[in-house]
Amino acid sequence: MKCEIQGHQMNISPKRILSAPSPVTLLTFSEDGSQLLSGCSDGTVLIWNTRSWKTLQTFQTNSVIQWVIELIPYSEYVLQTREGAFLIKKGLALTPLQSNITDMHQGFCKAHYLNTKLASPQKEADILIRSYNPKTGFECIRSLSLREVGSLTSLRWVREGKNIIANYEIGKMFLWNTETGQQLHSIDIMNSPWALDWDPHVSIGLVSGPHNEIICFTITDDYKSLRILKSRTLPTEGISEIKIRYQSKAKVACASSWDGTIRLFSWMQPEKIKSLGALKFHTETMNCVTTSCVPIKMEGKELYMIAAGSKDERISLWDIYNED
């Protein structure tokens, strides 16, 4: 089923605005909500305190920041750059994640970390799977390879790390069994589907990319095949990132759009992809969006926050659809 969304802007202002030294390319909240991690196109990483909204740390790499995760609270971080390098920051030191591994994937595919397992793009279309041990570090488990599918554009762990959803440049989505390395199923999605997120509680995900379309999909109960639930046409082309907030009763899906808006969709009935409107504040392309996993104290309230980053070198923080 395919429907069209008639976009309308919502008359809501950000709760707070943060300034960055260059276009913002990455945002993620720490698991406990105490920090907001941001990456920039000039290689700067800023770590913000979500109580005071002051920077706790600032450090520099030599490339666009694509992905970052807090490995050990307040002390260790793993970073991915646009050139495909993976770095680990311990204290003041910033070193390669594994000196004997050349990741080198030049593209938009971001790594994903779940339950001590790291899935990351390698070369053009390979997926490298590593496990993490706090004492010994990262160790390679296996590599998943495909040919003649173009570049790997996005990936997500599902089923508690037993499967991976992976999208490829030619417009196909694959379901992998990571324990056997077997390709279980594939479906046609859209060319260059780089925006992807997954709700493990309802086993439904969203995917989009450079086109004016967003697709809702699921995996069958036996985790052997993929199925498209609905496709919606968007008012404008281009979604950079999708984030589903499923932790609260006021569920919502967010999409950072090339037209400078943050598009919102209801997640109460995910398969409908019901449009709630668009938040307009930024003056240039939206590069990234994220949501807090836990409520953050702001203005005397405990709120699930949405953070969005733009090419205009600003980060906006929003209070949207929180319970009264």
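Numbering (this note's numbering), first residue to last: -13 to 310.
For every residue, glycine included, the Cβ atom is placed at its ideal position computed from N, Cα and C.
Whole-angstrom Cβ separation of residue i and residue j, contact assumed at under 8 Å?
i	j	result
P179	G195	5 Å
G29	N48	5 Å
C274	L32	Wrong, their Cβ atoms sit about 13 Å apart, outside the cutoff.
L100	S106	Wrong, their Cβ atoms sit about 12 Å apart, outside the cutoff.
L161	N177	So it is not a contact: roughly 19 Å between Cβ atoms.
W184	R142	5 Å
When the Cα atoms are used, what is the spatial distance from residue i to residue j?
i	j	result
S16	I55	8 Å
I230	K121	33 Å
G224	N198	6 Å
Y232	G191	11 Å
I317	G123	Nothing can be reported for residue 317: it is not among the residues displayed for the chain, which extend from -13 to 310.
L132	W39	44 Å
W304	T166	42 Å
E309	I127	43 Å
A111	E285	46 Å
S172	M159	5 Å
I259	C202	7 Å
T269	Q52	22 Å
V50	Y307	32 Å
R218	S243	15 Å
K1	I292	10 Å
N119	N(-3)	47 Å
T276	Q168	31 Å
W34	L23	6 Å
Might you give, ordered along the chain, the residues of its own chain that have their beta carbon closer than 6 Å to the beta carbon of residue i, omitting 5 neighbours on each side?
i	result
Q(-8)	Note that Q(-8) has pLDDT 43, beneath the 50 cutoff, so the model's placement of it is unreliable and the number below is only indicative. Same-chain partners within the cutoff: there are none.
C95	P107, L138, T139, S140
G136	Y154, E155, I156
M(-13)	Confidence at M(-13) is low in this model, with a pLDDT of 38, below 50, so the placement of that residue should be treated as unreliable; the coordinate-derived value is given next. Here the set comprises K216.
D245	T222
F45	V31
Use the C-beta contact count for residue i: other C-beta atoms within 10 angstroms, 16 or more gives buried, fewer gives exposed.
i	result
C(-11)	Residue placement at C(-11) is flagged as unreliable, the pLDDT there being 35, under the threshold of 50; the coordinate-derived value follows with that caveat. C(-11) is exposed by the Cβ-count criterion.
M254	exposed
A241	buried
S278	buried
S302	buried
T164	buried
T36	buried
K235	exposed
G295	buried
I3	exposed
A6	buried
R116	buried
Y60	exposed
Which residues in the same chain have their Cβ closer than 8 Å to the Cβ of residue i, if we skip the five residues on either side of it in sequence?
i	result
Q(-5)	T247, G263, A264, L265, K266
Counting contacts by CB-CB distance shorter than 8 Å, is residue i in contact with chain D?
i	result
G286	Absent here is chain D; the protein component of the structure consists of one chain.
Residue i bridges to which residues according to DSSP?
i	result
R249	A241, A264
P36	For clarity, residue 36 is Thr in the given sequence; the question names Pro instead. According to DSSP, which records beta bridges pairwise, T36 is partnered with nothing at all.
Q21	N35
P107	I113
V280	BP columns for V280 are empty, so no partner.
R145	Per DSSP, none; premise fails for R145.
F45	V31
T139	Answer by DSSP bridge pairing: none, since T139 is not bridged.
D207	DSSP output for D207 lists no bridge partner at all.
Is residue i near the ligand FMN, in the sense that its beta carbon is under 7 Å from a heavy atom of that ligand?
i	result
S16	You won't find the ligand FMN in this model; it holds no ligand whatsoever.
Tell me which residues share the same chain as residue i and place their Cβ nearer than 7 Å to its Cβ, disregarding the 5 neighbours each side in the sequence.
i	result
E257	I190, C202, L215, K216
K297	P9, E270, T271, N273
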